[in-house]
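The block underneath contains the structure these notes are about, expressed in structure tokens.
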Amino acid sequence: MIQKRTFSKKEHLCGEIRISKLYTEGKAFIVYPLRVVYMTTPEQLDVSIKVLVSVPKKRFKHAVDRNRLKRLMREAYRLNKMDISKIIEQKNIHMQIAFNYVADKMVDFETMNEKMQIALRKISEKQ
């Protein structure tokens, strides 16, 4: 099966209950400038991985800066998600992941892409 490199609405993690459960029960680690929170879920989701991307208003006051960082994070995830998707589907589990930006300065796409690859590799190793 050929998978497209897209990041559709079905893959977005939505819902206050699911998000709060992820942050309270999930496991976390930091790949600076990203804090990654993840957990496997027993419930059957329509896709195997649901992702949340967030940039705090406390660190970046201007919406333009927050939106740019979120775009960079989503693009980096979209380009590198095939690695983790294959492993998750082979093990037949469902996962929720949150990427939080924790740095005070903006980074370029190359740095973001590199850190996203490291984060996804760490998640797949722990599964």
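Just so it is clear: in the sequence shown, position 111 is 1428 by the numbering used here, and no numbers are missing.
Note that the Cβ used here is the ideal one computed from N, Cα and C, for glycine as well.
| field | Assigned exposure category for I1347 - 16 Cβ within 10 Å defines buried | value | Residue numbering aside, residue 1347 sits at position 30 when the sequence shown is read from its first letter. Under this definition I1347 is an exposed residue.
| field | Exposure of Q1444, with buried meaning 16 or more beta-carbon neighbours within 10 Å | value | Translated into positions along the sequence shown, residue 1444 becomes position 127. So Q1444 counts as exposed.
| field | Short Cβ contact (8 Å threshold) for L1330 with V1354 | value | Your numbering for residue 1330 matches position 13 in the sequence shown. Your numbering for residue 1354 matches position 37 in the sequence shown. No, Cβ-Cβ distance for L1330 and V1354 is not below 8 Å.
| query | Going by the CB atoms, is the gap between I1401 and I1435 shorter than 8 Å? | reply | Start at 1 with the first residue of the sequence shown, and residue 1435 comes out as number 118. Start at 1 with the first residue of the sequence shown, and residue 1401 comes out as number 84. Not a contact, by the Cβ cut-off of 8 Å.
| message | Just to confirm the assignment, what range does the alpha helix (DSSP H) spanning S1402 have? | response | Sequence index remark: in the sequence shown, residue 1402 carries index 85 (1-based). It spans 1380–1408 - the alpha helix (DSSP H) in which S1402 sits, taken as one unbroken run.
| Which first and last residues belong to the beta strand (DSSP E) in which T1357 is found? | Reading the sequence shown from its first residue, position 40 is the one you call residue 1357. 1351–1358 is the span of the beta strand (DSSP E), which, as asked, contains T1357.
| task | Would you kindly work out how many angstroms separate the C-alpha atoms of K1432 and V1368, rounded to a whole number? | result | The count along the sequence shown starts at 1 and reaches residue 1432 at position 115. The count along the sequence shown starts at 1 and reaches residue 1368 at position 51. Rounded to whole angstroms, the separation of the alpha carbons of V1368 and K1432 is 16 Å.
| task | Classify A1415 as buried or exposed, calling it buried when 16 or more other Cβ atoms lie within 10 Å of its own Cβ. | result | Position 98 of the sequence shown, counted from the start, is the residue given in the question as residue 1415. Result: buried.
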